[in-house]
Each structure stands twice: as structure tokens, then as C-alpha cells.
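Heads up, the thing below is written out as C-alpha cells.
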Amino acid sequence: MSAKLRPAAVAGMFYPGSATALSRDISQMLSLVAEKRMSRPKAIIAPHAGYIYSGPVAASVYAPLAALRGSIRRIVLLGPTHRFAVNGLALPASTAFATPLGAVPVDRQAVAAIEDMPQVVVSDAAHAQEHSLEVQIPFLQVVFGTFSLLPLAVGHASAEAVCEVLERLWGGDETLIVISSDLSHYLPYDAARQVDAGTARRILDLHYAIDHEMACGATPINGLLLAARKHGLQAQLLDLRNSGDTAGDKSRVVGYGAFAFHKAEYDAH
């Protein structure tokens, strides 16, 4: 199959357009994260706004993952569609996704594993201008180096439909699932903190009843929470802030959370 590149759509807007500045900014954000104990995660949730706003929160979950460089070889990346309506979960026809840091190949074996599913469609239009997936890729490139990518732009779908796809792609320790989502949108600062705290509690309880007022990526989040229940995972909150804490005013803020999901640890005593 000849290569078909999905070019970066929001470089120079959501994040720096030059490789040097992009690598520098991400490395700096990662370096500022205070060390936290984190078990090896199977999945994470990270925000997807412009890096000046949500980058420090995303870094809080990506920084501990640097220890897994070389062992994580496949990223299953799900994010909501913001610009193009789609029914189901959309694969790209593209065979690679580009950022200023280089091109990441789409995992054709993973594509083949799910392309027969009724909730899976192929739509380059769903991916062409979508930032929710793209803004995660430079972080992944800096943290992991070389990996293959299975990107899914998630439109109208049930939690069960998303979970079924995740089950097909679950894999072993080589596979990390990344859900891209912001939390509340355009509330006053104090109201956002209250709403986002409630959303975080639902995520930590694996309560898959998140709605789109709580998180723009509610659909893929709910699918992950259902899968996490089935696989006996527990959630860990690594960061919970909003744009009023990072780089915006506090009259209308967007909420951001960083979560990791790993096997539940049981006390043997």
C-alpha cells in the first residue's frame, strides 16, 4: 500500500510549528512535573487544548510514562470529533500521521482487526482538521520515540460500541490506550472546579455515565470506563486543573484532567 500522509492541521496554532520549539516546550513541561508513583498503566486520559492551556496537565500523565519507552510500541488513540459529524468510530484512510517531529505510521494490523466491525467506518474527513487526536501525538513522540498508531475519531456511539472496539485492540503490555478529552467548557472558575471534581469522582469510580457537559470526550471515556471495569482496572487522578489555573482568565474556563488506569492493587495482608 502506498503511503498516504495525514498532515498536521493545528501545528503553529495549538502547539509550536517548528520541531525545535515543539520538542523544547514538551520537554520543559515534562521536566516540571513532580514525581508521582504510578503503576504501569493500560490506559490514560489526557486533555487536548492548546499547549499553553492544557499542556502542563497532559504532561502530568505523560511524564511518568517515559519509564516505559521501548516497551510501549502501539498507541490506540481515541478522541471526539469537533468539526465533522460521524456515526461510529472513524478510522483514517491515511497510513501515517505527521507532526513537526516526524510521521507516525498507522498500525495496519490493528486496522485490520477492527475494520469489519459495524460501528467502525473509514473517514479521512473526520480526521482532516481534528485536533483532539493530533495534539497528543507530539507528546507521544517525545515520550516513546518510535511506535505505531491506531487513531479513532469518535462520533455518535454507545459506551458498549466503544468498549467492543477497545476489546479487539486491547493487546498486552505493548499497547497503551489514550483517550483525549477536556472536561467542562466555559464555566466560571469556581463552578468549573465543582463540576470537574464531580466528573473526576465518576471517572475514579469507573461510573460510565459521563455526559458531554462534563467532558467533550464523554463517549470514548465511557467506553474506556466500561472496559476498565471488565478488566479489573482502577483509575488514578494525576492532575485536575483548568485554563484559569494555567494561562487563561477565570471568567470562562475549560477544565482539564489527567488520569491513568492500571490493574487494581490488592493488599495481601
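The opening position of the sequence shown corresponds to residue -8 in this note's numbering, with each subsequent residue numbered one higher.
Cβ atoms here follow ideal geometry from the backbone N, Cα and C, with glycine treated the same way.
Within the stretch 37 to 110, complete beta strand (DSSP E) segments of at least 3 residues are found at 65 to 71, 80 to 82, 87 to 90, 93 to 96, given in chain order.
Exposed is the label assigned to Q120, since fewer than 16 other Cβ atoms lie within 10 Å of its Cβ. Remark: three or more beta-carbon pairs, one from each stretch, lie closer than 8 Å, so the stretch 157 to 175 and the stretch 202 to 214 are flagged as touching. Short of 8 Å from the beta carbon of L228, and not among the five residues preceding or following it, lie these beta carbons of its own chain, in chain order: A191, I194, L195, G248, A249, F250.
In the pairwise beta carbon analysis, the stretch 118 to 132 is classified as touching the stretch 37 to 51: at least three pairs are separated by under 8 Å.
Classified as exposed, Q100 has fewer than 16 neighbouring CB atoms from the shown chains inside 10 Å of its CB. For the 8 Å CB-CB criterion, P83 and G8 do not form a contact.
Counting only runs of at least 4 residues, the stretch 141 to 211 fully encloses the following alpha helix (DSSP H) elements, listed from N- to C-terminal order: 150 to 160, 180 to 195. Counting of Cβ neighbours within 10 angstroms places D98 among the buried residues, the total reaching 16 or more.
Exposure of P179 is indicated by the presence of fewer than 16 other C-beta atoms within 10 angstroms of its C-beta. A81 is the residue among A81, R(-3), P129 whose C-alpha sits nearest the C-alpha of A117.
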